[in-house]
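J.: Structure provided below as structure tokens; questions to follow.
See the structure below:
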């Protein structure tokens, strides 16, 4: 049945192929988190079968829709990533379906537009980063240096920063140093980290489960929940909600919440879409818990404003990747 459907797609007229591609892309998008079923394989096979006969605009639209879809096949993602830049850009910047081998191949042979898109990925391995440094233009190298999710040896990073405007370079240097220290701390024992007492469960007007249900149903927002819980002195439930929406395990979010600095929790909040007012409420309650003056919270808010959404999202992705790799290694 699968082969006959793919052949039907290939034999269809140009107009029918475009209609089919748009319909199947929609089906694959709906099943974005399903990467193992027979239906997903069929949808990917059909798109792979008609891809080469689609017009540029149709391929571009497909790329933009599937760039964030985890169930996209590596073969289809690679075809889009090797296409003309208007098609390739979204997939090169965002798709997690691209294999490391495909990324290395593209970095070795494609032009500067493709390399610049790659330099904006949430995570870039050290091998791919080396290729981007070697072949990339000034714009590519600046984008790579600014990307907190790009893994680089410090001498390589410093060489890139030298070529940037001084103020920008200092900001990037500060963020990267703070973030590397933060990631190192995630692997340390609790007693080795400068932090306060563990958070305690406190009564709240609305339970975390009720907040979560309300957010999922669109009746309220994560920002409203965090602000209310912070005012109720309930940082433990704030940490629980941040764990759910950031995808970072609760034990790590808890440890970041009670640390004596704010780099980690600012990153998690920023990446989860927490606003400045809500983060300020969290800072105020953290100061009480850690017995710090409120002025410290103002400094933490400044750190929060130094992060932009991309920096926070990339650092969070890097933290989760490194933690996942470490847990896999320990299990083996």
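In the working numbering, the protein residues as written are 22 to 353.
Ideal Cβ placement from N, Cα and C applies to all residues, glycine included.
Computed from a predicted model, the values in this text were never measured in an experiment.
(1) Indicate whether residue 165 and residue 200 have their beta-carbon atoms separated by less than 7 Å.
(2) Please classify residue 336: is it buried, with 16 or more other beta-carbons within 10 angstroms of its beta-carbon, or exposed?
(3) Check whether the region 69-84 touches the region 97-110, taking contact to mean three or more Cβ pairs, one atom from each stretch, closer than 8 Å.
(4) Less than 8 Å between C-beta atoms, sequence neighbours within five positions excluded: which residues of the same chain meet that for residue 204?
(5) Leaving aside the five residues before and after residue 64 along the sequence, list all residues of the same chain whose C-beta is less than 6 Å from its C-beta, in chain order.
(6) Tell me whether residue 191 is buried or exposed, calling it buried when 16 or more other Cβ atoms sit within 10 Å of its Cβ.
(7) Given this structure, state the Cα-to-Cα distance separating residue 153 from residue 128, to the nearest angstrom.
(8) Could you spell out where the alpha helix (DSSP H) holding residue 325 opens and where it closes?
(9) Are there 16 or more other CB atoms within 10 angstroms of the CB of residue 196, so buried, or fewer, so exposed?
(10) Given a cut-off of 7 Å, decide if residue 300 and residue 273 are closer than it, judged by their beta-carbon atoms.
(11) Span of the alpha helix (DSSP H) holding residue 300?
(12) Is DSSP giving residue 140 helix, strand or coil here?
(13) Count the other CB atoms within 10 Å of the CB of residue 40; is the residue buried (16 or more) or exposed (fewer)?
(14) Taking 7 Å as the threshold (C-beta atoms), are residue 150 and residue 114 in contact?
(15) Is the beta carbon of residue 177 closer than 7 Å to that of residue 194?
(16) On the three-state DSSP scale, how would you describe residue 145?
(17) Output the boundary residues of the alpha helix (DSSP H) element that contains residue 93.
(18) How many Å lie between residue 221 and residue 257 at the Cα?
T.: Per the coordinate set shown:
(1) Taking the chain shown and counting its residues from 1, one reaches residue 165 at position 144. Taking the chain shown and counting its residues from 1, one reaches residue 200 at position 179. Not a contact, by the Cβ cut-off of 7 Å.
(2) On the chain shown, residue 336 is found 315 positions in, with the first residue counted as 1. Per the 10 Å Cβ criterion, buried.
(3) yes
(4) Working through the chain shown from its first residue, we reach residue 204 at position 183. If we look at residue 204 and ignore the five residues flanking it on each side, its Cβ neighbours are 339, 340 and 343.
(5) The residue labelled residue 64 in the question sits at position 43 within the chain shown. Excluding positions up to five away in sequence, the list reads 45, 48 and 49.
(6) Residue numbering aside, residue 191 sits at position 170 when the chain shown is read from its first letter. Exposed: under 16 other Cβ atoms inside 10 Å.
(7) Numbered from 1 along the chain shown, position 132 holds the residue referred to as residue 153. Numbered from 1 along the chain shown, position 107 holds the residue referred to as residue 128. So the alpha carbons of these two residues sit roughly 6 Å apart.
(8) Taking the first residue of the chain shown as position 1, residue 325 is located at position 304. It spans 315-327 - the alpha helix (DSSP H) in which residue 325 sits, taken as one unbroken run.
(9) By 1-based counting over the chain shown, the position of residue 196 is 175. Burial check for residue 196: the Cβ neighbour count within 10 Å reaches 16 or more, so the residue is buried.
(10) Taking the first residue of the chain shown as 1, we reach residue 273 at position 252. Taking the first residue of the chain shown as 1, we reach residue 300 at position 279. Not a contact, by the Cβ cut-off of 7 Å.
(11) Counting from 1 along the chain shown, the entry for residue 300 is found at position 279. Where residue 300 is concerned, the enclosing alpha helix (DSSP H) stretches over 297-311.
(12) One-based indexing of the chain shown puts residue 140 at position 119. DSSP places residue 140 in coil when its eight states are reduced to three.
(13) Here residue 40 corresponds to residue number 19 of the chain shown, with the count starting at 1. Exposed, since its Cβ has fewer than 16 Cβ neighbours within 10 Å.
(14) Taking the chain shown and counting its residues from 1, the one referred to as residue 114 is at position 93. Taking the chain shown and counting its residues from 1, the one referred to as residue 150 is at position 129. Taking 7 Å as the Cβ cut-off, residue 114 and residue 150 do not qualify as a contacting pair.
(15) In the chain shown, the residue the question calls residue 194 occupies position 173. In the chain shown, the residue the question calls residue 177 occupies position 156. The answer is no: Cβ separation not under 7 Å.
(16) Translated into positions along the chain shown, residue 145 becomes position 124. Three-state result, residue 145: strand.
(17) Taking the first residue of the chain shown as 1, we reach residue 93 at position 72. From DSSP, residue 93 is part of no alpha helix (DSSP H); its letter is neither H nor E.
(18) Taking the chain shown and counting its residues from 1, the one referred to as residue 221 is at position 200. Taking the chain shown and counting its residues from 1, the one referred to as residue 257 is at position 236. Distance between the alpha carbons of residue 221 and residue 257: 6 Å.
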